[in-house]
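Remarks on the structure that follows.
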Amino acid sequence: MRYLPLTADDRKAMLEAIGAPSAAALFSDVPHGARAARFDLPPHAGEIEVERALSRLAAANVSAGSGPFFCGAGAYRHHVPASVDHLIQRSEFLTSYTPYQPEIAQGTLQALFEFQSQVAGLTGMEVANASMYDGSTATAEAVLMAHRLTGKRRTVLSGNLHPHYAETVKTIAGLASDIVVAPPQVGREEDLAALIDGETSCVVVQNPDVFGFVRDLAPAARAAHAKGALLIAVVTEAVSFGLVESPGAMGADIVAAEGQSLGNGLSFGGPYVGLFAAREEFIRQMPGRIAGETVDADGRRGFVLTLLAREQHIRREKATSNICTNSGLCALAFSIHLSLLGDAGLRRLASLNHARAVQLVERLSGITGVELATPVFFNEFTLKLPKPAVQVNDALADLGVVAGVRALRLFPREPSLGCHLIVAATELNTDADVEAYGRALEQVLA
Amino acid sequence: MAETRYTKSHEWIHAENGIATIGITQYAVDQLGDIVFVELPKAGKKLAEGGEAAVVESVKAASEVYAPLSGEALEGNAELAGNPALVNADPEGKGWFFRMKLSDEGALKTLMSKDQYTEFVKGL
Amino acid sequence: MNENLPELKRTVLHALHVGLGAKMVPFAGYEMPVQYPTGILKEHRHARESAGLFDVSHMGQAVLKPAGGDPARALETITPADIAGLSEGQMRYALLLNDKGGVSDDFMAARLPHGKGALYLVVNAATKESDFAAIADETKERATLEPQPDRALLALQGPRAEAVLARHAQGVAELGFMRLGHFIVAGARATVSRSGYTGEDGFEISLDAKDAERVARALLAEPEVLPIGLGARDSLRLEAGLPLYGHDLDESTSPIAAGLGWTIGKRRKLARDFLSADILMAELLEGTGRKRVGLTLLDKTPAREGAEIVDTTGRPVGHVTSGGFSPTLNAPIAMGYVDTELAADGTELGVVVREVQRRAVVTPMPFVPHRYKRSAE
Amino acid sequence: MNRQGRPTDFVSGEADAGSKTISSHRGLDHEEPLIFELGREGQTGVDLPEAAPFKDRLGALARKTAPGLPGLSEPEAVRHYVRLSQRNASIDASFYPLGSCTMKHNPRLNEKLARLPGFADIHPLQPQKTVQGAFAVMAELSRWLKELTGMPAVTLVPKAGAQGELCGLLAIRAALAARGETRTKVLVPQSAHGTNPATAAAAGFTVEEVKATTDGRVDLAMLRPHLGSDVAAVMLTNPNTCGLFERDIVAIADAVHDAGAYFYCDGANFNAIVGKVKPGALGIDAMHINLHKTFSTPHGGGGPGAGPVVFSERLAAFAPLPLIVHDKQGFRFIEDEDEARAKGAQPFGRMCAFHGQMGMFVRALSYMLSHGVDGLRQVAEDAVLSANYVLASLKDVMSAPYPGPCMHEALFDDEFLKGTGVSTLDFAKALIDDGFHPPTVYFPLVVHGAMLIEPTETESKRTLDEFVRVARALVSEAKAGNTARFKRAPVLAPRRRLDETLAARKPVLRWKREPPKKSPP
């Protein structure tokens, strides 16, 4: 057994030292009825067999890189520099744990501090935590945080918030909230003011929204603040921070975002990394791990986990959240990618994305019957097709093009969205991909 | 007439004609260690005897501070916001938490005297 | 050099054919019945109106068994069809491609019921040796190919085929189109699929050679059934618009031009994980410039394979790949490849037969509607 | 008064003379500035093409001020992170006996396989026919988890152990609602990890603590009085946080069920019994499994984790969305609640976007297939054997609050340090100077000055012997009154003790550009 160092002799010697007749004797507390003998599972296998078995399953999937690919809706296919994966696989990052002993975890702690600084800068907020599981759970935590801050529980969700996020909020924050969900409105800045009253704790608005539409958050912020509510801004495409006005600049009080786009692959939906930022005055109600700067006994700058008293291991049932860890390694990948990019690189990356989307829109909206439903967009937009998207998508797949995500898959109760297709383009799409999409759509709609 | 009383949850209360000042005892501070943050009741907040009135956080722990008696909060100790270390330095003086108007001053009698409290702590 | 003709092989039913008075001809290295005393025309009409029995034992049957892997995944390395997606008892028409974007053969593949993933394959007679060699080689990591030379294959085709076979094989009537199962046919264990190459409803019956003649005689004893030769078999599949390998398909024809893009599995198109994927995916989007079309000749002279197709001005635009007389339409028909812009139904064209240009018109295929028993879904 | 928590002991002291150098680097240990202090404007470590000219579609919503990210070349960025990494302890480099965290070897085969394009480069919403292999991984992992736990149902969705707990309690809440009952209380033993009560509160329940027996367990006598008709569930960790197996667990389960409540088991310590005990046989209704503990997915400096939850028949129907079904067309998700209900399920909702931590599923399955059922059984036996070996080798000089045998971790209190002036924290820091990551300290809270040592199956006897030798030597140092070396410790780490009070009193949570100094007029 390649992963087990103890030899039969070791085990014998150790049992003698313990004074136990056998390994079984160490399990004497286990009730006999509970000792399992039979498992319908295979025996151990070597690297070759395991690699063969799992490679076979991997081969049964069509990877996004196989051909023209335009799916987004909360997960985006981007280039990840080779050095990112190399660095996160360093033993000292990969195989360490939550920095309980700061003296020998400065690497992780400093990286988290840098991550927090980057996230604050991107979102235009004052502070950020050391990451959450993903964007959707970060959103739910943001709602709970707003309740703690305002002492109110009414929650207004934009109809253009990613439905998975809305459902996650309902599940995780639902018990503590009265949730109002606006109806989806493709390509429009819904007026949320009407839904906000004195009892409202927070308003949750995604930007760019689930349809790719880029909106001004300021009106929503004003409407919320007028009633003593907080604006929670949600961002699912982190690359948009490079080109789209930051939520902070538009008046957000809390930002919950998905960081997968930077440094992290698609990986069928996880693991991803939730970004969480807020105004400084809110830090003591912020959920999750936070790294802070301090000094050591020799007066040298160092970093520690701080504001621990908010956390479950001290406050138990009074904790701000039940979350223990963050998404450390994904946060590190995110942070390394951003360090490699810098302001200049991120801006260029974002421009490439926007340019590709604009090019695709121009190619597709020329086709008879195809309408662009989201006039303002970053790297994702929604098309209104002359036929049900389910048919068109299927026919396009038959021509080798993965054309996007059907709005109806995300909004199964909104038949009015039957002809809407959510399309994302990134720096990884080529001119040929765009042309293939164009020709295929022409053929399908002909 | 002024008098100071103590609770089993380690608050001290100093009352003078209907107005009381509340803080936490030296014993409490020793248990908590370095105080890093204090959350105080807003003026006008109705406080019920034994109800949660404030929160005190140290590096290692966090604890509620309970209202020893019923009444209405008048003000919190503004200094603590910028300098929570005051609580460690002078818990039963400059490190006071909040002032409140007692609805029934007579109820003070139900709380422990200095000597009773000292005995109580010895027993812990 | 060798003057003598190669020794012709015989199917296990050779004696039966001869006994029935069949006219035997060489075909794909076999001595096969081209027609029986009934005659091609009658045989053809009988298959369309009642039921006909075909001996197709010359075709190559084989089973691809799992050996350390999934034979379907293994087979996908040489065919663009979605083989892994075959459920047990499901059958599919598939192509073998070359690396130039051409077709190196076509074949049938089915997932055997209770076969632990094993596949049943039927390939063309003329190419069976090379096909089997290629398949065995490509799949050897994960599967073993077991050719079945000692199995016969009978095809019972026509509107009465179901009623007839049901008398000898319980349960076959429930079999859906392009499905296959194990049955007892006239007392013999057989693997029966609801498939064929005539455009009619019908069955193909794979069975041990030793049982073949007895079962064939049992079926022929049925009043609705006549034996049918290669001649009628060809006119039937032509009316059905079905391409014949070596004629309508070859190493140089694009499956897209042949209208067989549908045989490439959807997943395969997205994964682009098959031979010549880049060529064919581009052809799917941009077209090939050529298209396989059906032609009806307006005078009675049949056009044969190789005849030149011209436009109304006489400019050459393609060639006939198979042609003949359609008993059902009572007119000469053909199929061939022409430039895409001349492929629209109703387009006036010409076919040069014996130096004379004869009028022809592009006709939608099949010439005669298919009458498959598709199960409701 | 809340006395709970981890103390810090910060004494600003003399710089260790040995550490003084011109550069302030110390050999291979480099002082590394913040990335923000290294970067320059305009520089970048990624060469991306210039976008072809295009008509901007953002209008007024284009970003006006840059995020303020430093620019570095690739070699600068790589060196920065390599130097940071060198300031971390890791299981690859040293013994890391962090109790209840299960720091075991992370096979690189798992990493390699998780990075296959067929797993790493598939989109959660791409056509489901094109991800049948991913479904197959999930199905196979589910099969292993159900068989190993002897439970009939599982959901893979939860993103971490804590979310797994929430998943379990929300399923219980849904099950009670389906029964038309409202029960408000969740019973949690004193020794429980803080996440348990925090989760119970997050799931809308009030928490009632149950005292532990003198031998560190929960027994029926102590539980019974709490078991009223208002109790929704009991949350028990087994093996528990003291590293002990809950002997009465079957009787406890029966009592819980008789009271009409559900039995949630925290599976954080499943690694001690995997392949030997089927929790299903213990009367458990729900249990989460930390794939990063029992099944070796990397801890990554604090996540990502994954917390699948197995369910009993009584709770199976209430698992969260999405559900996975397999029919003639192959595998597919049920993502819509109405469709799920039409299929007879009663999901309590959705816990996160998409379908869970696929990357972790591949790694865990790779570990399972590698060990096989025989290997996993050996994993549990070796983990328990090693913990007992440490316990047996130290209990004569250190103080163990509970008699052995223990399960996968050995628990000590600070009785043996009484009068030495050395605290558990000091002792832990001293271990750092000797090249070991300290055990978990001051947890569980029920034990004074706790030290929880979990060697896992990963360590050789040689390593265990070395650790024992060092620990014994430190004990005699402490008893010999050599407190100074403890109070100063660690001196050989990249940093000495850090001032957590300062960090919390004046929180500095991000880098800020120094305000430009006013130049004199």
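Residue numbers (my numbering), protein chains in the order written: chain A, 4 to 449; chain B, 20 to 143; chain C, 34 to 410; chain D, 2 to 522. Beta carbons are placed, not taken as given, at the ideal position from N, Cα and C, and that holds for glycine.
Do you know offhand how far residue i's Cα is from residue j's?
i: G292 (chain C); j: R325 (chain C); result: 7 Å
i: G301 (chain D); j: Y136 (chain A); result: 13 Å
i: L85 (chain D); j: E106 (chain A); result: 13 Å
i: L308 (chain C); j: V136 (chain C); result: 11 Å
i: G306 (chain D); j: N272 (chain D); result: 15 Å
i: A259 (chain A); j: S249 (chain A); result: 12 Å
i: L167 (chain D); j: A100 (chain C); result: 45 Å
i: L355 (chain A); j: V172 (chain A); result: 33 Å
i: L170 (chain D); j: I182 (chain A); result: 21 Å
i: K173 (chain C); j: D103 (chain C); result: 11 Å
i: D194 (chain A); j: A223 (chain A); result: 8 Å
i: K130 (chain D); j: M128 (chain A); result: 42 Å
i: D281 (chain C); j: F140 (chain C); result: 14 Å
i: L330 (chain C); j: G118 (chain C); result: 41 Å
Using a cut-off of 8 Å between C-beta atoms, extract the partners of residue i located in chain D.
i: I339 (chain A); result: A78, Y82
i: R366 (chain A); result: In chain order: nothing, as chain D lies at least about 12 Å away.
Where does residue i fall in DSSP's three states?
i: N64 (chain A); result: strand
i: N89 (chain D); result: strand
i: L128 (chain C); result: strand
i: W115 (chain B); result: coil
i: K98 (chain C); result: strand
i: L17 (chain A); result: Position check: residue 17 (chain A) holds Met in this sequence, whereas Leu was assumed. Here M17 (chain A) sits in helix by DSSP.
i: P516 (chain D); result: coil
i: L278 (chain A); result: strand
i: D283 (chain C); result: coil
Output yes if chain C places a C-beta closer than 8 Å to the C-beta of residue i; else output no.
i: V405 (chain A); result: yes
i: G369 (chain A); result: no
Are any of the Cβ atoms in chain D nearer than 8 Å to that of residue i?
i: T158 (chain A); result: no
i: C422 (chain A); result: no
So, does the CB of residue i fall closer than 8 Å to a CB anywhere in chain A?
i: G360 (chain D); result: yes
i: D397 (chain D); result: no
Just to make sure I have the definition right: I need the residues of chain B whose C-beta is within less than 8 Å of the C-beta of residue i. Which are they?
i: R151 (chain A); result: Per Cβ cutoff of 8 Å: no residues; R151 (chain A) is ~11 Å from chain B at best.
Could you work out which residues of chain C lie near residue i, taking near to mean beta carbons separated by less than 8 Å?
i: R442 (chain A); result: L318, E319
i: A400 (chain A); result: K299, K302, L303
List, in order along the chain, the chain D residues whose C-beta lies closer than 7 Å to that of residue i?
i: A76 (chain A); result: L126
i: S120 (chain C); result: K329
Quick one: which chain A residues come within Cβ less than 9 Å of residue i?
i: G102 (chain C); result: R55, R59
i: R106 (chain C); result: R59, A62, A63
So, does the CB of residue i fall closer than 8 Å to a CB anywhere in chain B?
i: R318 (chain A); result: yes
i: T242 (chain D); result: no
Within 7 Å: the Cβ of residue i and any heavy atom of the ligand MN?
i: A401 (chain D); result: With respect to small molecules bound, the structure shown includes none, and the ligand MN cannot be examined in it.
Can you list the residues of chain A that residue i reaches, using a CB-CB cut of under 7 Å?
i: A52 (chain D); result: S354, L355, A358
i: E76 (chain B); result: A312
Given that residue i touches chain F, what residues does it touch there, using C-beta distances under 8 Å?
i: K65 (chain D); result: The chain labelled as chain F is not found among the protein chains of the depicted structure, namely A, B, C and D.
If contact is defined by three or more beta carbon pairs under 8 Å, each pair taking one atom from either stretch, is the region 228-244 of chain A in contact with the region 144-162 of chain A?
yes
Please confirm if the region 168-178 of chain A is in contact with the region 303-315 of chain A, defined as three or more CB-CB distances below 8 Å between the two stretches.
Result no; under three Cβ-Cβ pairs closer than 8 Å.
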